[in-house]
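Numbering (this note's numbering), first residue to last: 133 to 306.
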């Protein structure tokens with residue numbers, strides 16, 4: 133048990149050492165979040181991993197209380213949706229485009245809906261050396277929206293960390 137605990141702590145430290153998360157820009161009406169980590173995965177695996185949203189997203193950050201109710205369609209116009217208890221779907225985001233190195237979403241997630249003029253999530257994973265550089269860039273604009281930067285950063289940062297873990301963890305910094 134002690135060995136497992138030590139391995140868990142070591143893995144967390146390796147992720148922290150090689151992953152980066154930050155509020156890149158902040159003003160009253162705009163904020164930009166960026167999360168990055170090198171991962172040892174193919175573009176195909178990252179695309180499939182992203183679609184496995186119910187496996188890695190935290191149920192605490194859903195309206196239904198269960199990440200199993202989430203789905204993600206990576207075709208253009210596809211929905212990042214959540215099935216609610218009343219049988220309706222909540223549209224968190226829409227897929228704008230997908231290519232070999234990532235995806236772009238119009239993403240006024242949850243409480244951002246109706247409060248933003250722009251909410252774009254760019255998820256990319258270009259090959260950098262022998263690893264994929266997984267990056268989430270989230271640009272949010274809207275009247276007074278800057279006040280939500282820290283809360284949104286907490287939710288999205290946790291989501292990014294869970295996705296990186298789902299993909300095998302960040303490659304330790306060398």
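For each residue, glycine too, the CB sits at the ideal point set by N, CA and C.
Predicted model only: the values in this text are computed from it and were never measured.
Asked, Found
"Residue 207 versus residue 227: straight-line alpha-carbon distance, rounded", "7 Å"
"Inter-residue CB distance, residue 162 and residue 275 (contact presumed, cutoff 8 Å)", "10 Å between Cβ atoms; not a contact."
"Assigned exposure category for residue 304 - 16 Cβ within 10 Å defines buried", "exposed"
"Three-state class that DSSP yields for residue 212 in the structure shown", "strand"
"Under the three-state DSSP convention, the category residue 247 falls into", "coil"
"Residue 249 versus residue 182: straight-line alpha-carbon distance, rounded", "25 Å"
"Under 7 Å between C-beta atoms of residue 235 and residue 225", "no"
"Reference residue 176, options 268, 264, 204, closest by Cα", "264"
"Inter-residue Cα distance where the pair is residue 157 and residue 281", "9 Å"
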